[in-house]
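Protein chains in written order, with the working numbering: chain A, 636 to 1085; chain B, 2 to 324.
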C-alpha cells in the first residue's frame, strides 16, 4: 500500500511531536486473563509465563519500541520477560524472509511485524499460521479499542480470522515550506491553505501560480499526488473481492489524471520518491509541498535536518478527502516458541498507553495510534510540533484519522503502485505521454499478477 | 563479472567440474582411495549448493510457484518458457544484456591487453602501476557505483560539466536515455574489470620467451609489430580464457545496473532501459514473487551462456586452424 519501505523504511529520526508525555508506564494494561478458553489461556498469568523468557520480535526498519523505552517499561510490568529484536532494514526484504520462514515453518520469531503492503497476503495465504486474535482472552474488548478499519484490514473476509493487532497508522495531510510560500508572496497560513487546497484541482492550480511566481516546482513528485489520491477512490487497485482491478478502478483513473496533469504542468520536481536525489532535495528548495502521512514528518526532519526547523508546516487538509498511507500490525506465528508470552507482549504494546507513547515520545515518536482510545487521548490530541512551526499535529491528524476512507486492499498493491509511480517519473522527466505510460504500466502489472 | 544472487542461477558452477575426473592410472597405492576422501568435501558442497539447486531450479521452472504459496505448486509444463519467449520484458533484457555486454567487454579486453603490454616492459615504478591497476577490482562495487552515479548525474555530474564546458556539447541524460545509460553502466564494468584482465594477460605474457622479443628487436621490429607477431600468438589461450570468463560475466551482469538505479529497485531504469537478464530474473523472483518464471529465466540464461561460450570456442578454434 505504500512505498516508504523502499529506501528508508520507517522514519529515521525522532518526530516533531514536541510533546508532553514521558513514559506512561501502564500497569499490565487491561487483561488479567479470566476468559473461558482463549488460545493464550493460562494459568501462567498476565505475562503469558512465569518463567524467565526471551521473546523475539521480527521487525523491519525502525519500529521505535526500543527507542521509546517500551521494552524497559515492559520489564517493570513483567520482570521475567526480556524482549529481543530481530530487525531487517527494508520491509520488502523482511517480507521475503518472513515468507521463506512461513514456507519452511522454521526460524519464525515469537512476534512478527506485518506491514500494510503485505497484510492482505498474510490474511489470505497465511491466516492459519498466525494466532487468531479473535480467540485470545478479552478479544472483544481489545477489538472495540481499535479503529474498525484497522481491525478489518488484518481480518479475513468472513471476519473470523484476525492475524495481528494494529500498531501505527498513517493519516495524511500536506506538509509545506511556509518560508518558500512567503517568499513567493503567497499565503502561508495553514487555515488559509486548507481552504485553497480542498480539491486536487485547486492544489494543482495553486502549484501553477507558485511555479509562475518562482520558476520552481511546487510538489516533490507526481507519485506523491498519485499514491495519495488513489486511495480516495471507491476502489484503489482491487475490486471488492480483493482481486486486482487496476484498469477499471475509479481511484486509479482519478489519481492518474491528477498526477499526470501536475507532471505536464511542470509543477512536480520529477524526483523518484525514496531515491537519493529526492532525499537530498528536502534540504534545498526544489519543492514546497509534499503529501504527508504522519511518518513523513519524521522522514522530513531526518532529511532536512535542524536547519529546516520552523521552515516547514502542516496544513490541516488533504485535497480530495481523508486517507491513509502506511501502518503495521504485530502478529504471533502459531509456531512461535513462546506463544503465550508473545501474545501478552503484543496486547501490551498495542494497548492505549503504549500507543500514546509511540506518538508522543521525543526519542522516536510520531507513530499515530491505530488504537482509537489512544488517538482520542488528550496527550495525543494536544500534541504540537515545534519543527513544523508548532502545528497542532495531534488535532490535524486526529481529525483526518476519524474520517479516513478505505478501499479494499489486495495481494499486489505495493508492486502495482511502484510500477505506476515509476511510469509517472517517465511522464515527468521524459515527456512520455500519459496514455503511453499507462499502457506500459499495465503491461508490467500483467507480469506481477501473472 | 558479477556472481548472481540466490535466485538460483547455477550457471557459474559447473565449469569447475571437469578437471577432477581424469586422474593418473599408473599407481595402485593405498593413497588412491583416500584421494577420493580428500576431494569429497568439494563434491559434497558442490552437490548441496550447486547441483541440487541447479536441478531444483529446473523443476521449479516447470511450475507456477509463488514464495507466499510455496506449498501449492501447480505443474504447468513449459508455460513459463513460452511466456518468456513471447514476453517483451524478456527480449528487452536480452537485448540490453547483449549490448551492454559488447560495450563493456570489447573495450575492456582491448584496454587490458594494451596496458598489460606496456607493463610487461621494464619501466620505472612498474610495481606501483601493477598495484594501481588492480585497485578498482579490490574496491567495493557499491561504493564505486555511488561515485559513478555522482559522476554521471544529469545536473551536477562532472561528466556533463566536462561535455558542456570543455567540449561545448549538450548535456546528456545518463540515467534516463537508453544508450547513455548503457554506456554509463558499461563504464563501471570496464573500470572495474580492466585491471583484473590486464593482470591475467600480464601473467600470460611473462611465460612468453623473452628471447623472441630480443630476436624480433634485432630484426628491427617495432613494439607494435612485436605485439602483433610475438605477444598476440603467444597469448591466444589466455585471450580465449578471458573472453569466455567475460562472456559469462556479462550475461550474468547484475550488481552494477541494480546499484545504478537510484531507486534501488531492479527496474534497470524507469523504462527498463538498462535492465539485464540478471535484474529481470531478480525482479520476477523477488519483487514479483514469481519463482517459477524467475527459474525459467535462470535456465534460459544458462542455455544462453553455454551457447555463447561454445560460439567463442568455435571461433577461436577456427582461427587457430586458419593461422
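All residues carry an ideal CB built from backbone N, CA and C; glycine is no exception.
Exposed or buried, which one is residue i when buried takes at least 16 other CB atoms within 10 Å?
{"i": "residue 297/B", "result": "buried"}
{"i": "residue 1079/A", "result": "buried"}
{"i": "residue 315/B", "result": "exposed"}
{"i": "residue 196/B", "result": "buried"}
{"i": "residue 169/B", "result": "exposed"}
{"i": "residue 878/A", "result": "exposed"}
{"i": "residue 962/A", "result": "buried"}
{"i": "residue 1070/A", "result": "exposed"}
{"i": "residue 136/B", "result": "exposed"}
{"i": "residue 681/A", "result": "buried"}
{"i": "residue 1007/A", "result": "buried"}
{"i": "residue 284/B", "result": "buried"}
Consult DSSP for residue i and reduce its assignment to one of helix, strand or coil.
{"i": "residue 767/A", "result": "coil"}
{"i": "residue 893/A", "result": "helix"}
{"i": "residue 832/A", "result": "coil"}
{"i": "residue 64/B", "result": "strand"}
{"i": "residue 1039/A", "result": "coil"}
{"i": "residue 1049/A", "result": "helix"}
{"i": "residue 125/B", "result": "coil"}
{"i": "residue 133/B", "result": "helix"}
{"i": "residue 964/A", "result": "strand"}
{"i": "residue 971/A", "result": "coil"}
{"i": "residue 987/A", "result": "helix"}
{"i": "residue 219/B", "result": "helix"}
Are the C-beta atoms of residue i and some chain A residue less than 8 Å apart?
{"i": "residue 89/B", "result": "yes"}
{"i": "residue 146/B", "result": "no"}
{"i": "residue 69/B", "result": "yes"}
{"i": "residue 268/B", "result": "yes"}
{"i": "residue 162/B", "result": "no"}
{"i": "residue 1/B", "result": "This structure gives no information on residue 1/B, because the portion of chain B shown stretches from 2 to 324."}
{"i": "residue 92/B", "result": "no"}
{"i": "residue 235/B", "result": "no"}
{"i": "residue 289/B", "result": "yes"}
{"i": "residue 239/B", "result": "no"}
{"i": "residue 58/B", "result": "no"}
{"i": "residue 256/B", "result": "no"}
{"i": "residue 72/B", "result": "yes"}
{"i": "residue 277/B", "result": "no"}
{"i": "residue 51/B", "result": "no"}
Taking only the alpha-carbon atoms, compute the straight-line gap between residue i and residue j and give it to the nearest angstrom.
{"i": "residue 153/B", "j": "residue 143/B", "result": "15 Å"}
{"i": "residue 703/A", "j": "residue 286/B", "result": "37 Å"}
{"i": "residue 269/B", "j": "residue 907/A", "result": "14 Å"}
{"i": "residue 688/A", "j": "residue 710/A", "result": "11 Å"}
{"i": "residue 719/A", "j": "residue 1057/A", "result": "37 Å"}
{"i": "residue 82/B", "j": "residue 784/A", "result": "42 Å"}
{"i": "residue 246/B", "j": "residue 859/A", "result": "44 Å"}
{"i": "residue 310/B", "j": "residue 716/A", "result": "59 Å"}
{"i": "residue 791/A", "j": "residue 778/A", "result": "14 Å"}
{"i": "residue 1049/A", "j": "residue 291/B", "result": "15 Å"}
{"i": "residue 252/B", "j": "residue 276/B", "result": "12 Å"}
{"i": "residue 1022/A", "j": "residue 936/A", "result": "8 Å"}
{"i": "residue 821/A", "j": "residue 845/A", "result": "8 Å"}
{"i": "residue 257/B", "j": "residue 317/B", "result": "29 Å"}
{"i": "residue 139/B", "j": "residue 124/B", "result": "24 Å"}
{"i": "residue 726/A", "j": "residue 968/A", "result": "18 Å"}
{"i": "residue 1016/A", "j": "residue 1005/A", "result": "13 Å"}
{"i": "residue 327/B", "j": "residue 160/B", "result": "Not covered by the structure: residue 327/B. The range shown for chain B is 2 to 324."}
{"i": "residue 701/A", "j": "residue 175/B", "result": "43 Å"}
{"i": "residue 870/A", "j": "residue 885/A", "result": "6 Å"}
Just checking: is the beta-carbon of residue i within a distance shorter than 8 Å of some beta-carbon in chain B?
{"i": "residue 911/A", "result": "yes"}
{"i": "residue 907/A", "result": "yes"}
{"i": "residue 749/A", "result": "no"}
{"i": "residue 852/A", "result": "no"}
Spatial neighbours of residue i within its chain, please: C-beta separation below 8 Å, excluding the five flanking residues on both sides.
{"i": "residue 77/B", "result": "63, 64, 65, 293"}
{"i": "residue 110/B", "result": "198, 240, 243, 244, 247"}
{"i": "residue 120/B", "result": "127, 130, 131, 134, 199, 203"}
In chain order, what residues of the same chain have a beta carbon less than 7 Å from the beta carbon of residue i, not counting five sequence neighbours either side?
{"i": "residue 945/A", "result": "1024"}
Which residues in the same chain as residue i place their Cβ atom closer than 6 Å to its Cβ, once the five residues preceding and following it in sequence are excluded?
{"i": "residue 116/B", "result": "199"}
{"i": "residue 857/A", "result": "894, 897, 898, 903, 1059, 1063"}
{"i": "residue 759/A", "result": "none"}
{"i": "residue 149/B", "result": "189"}
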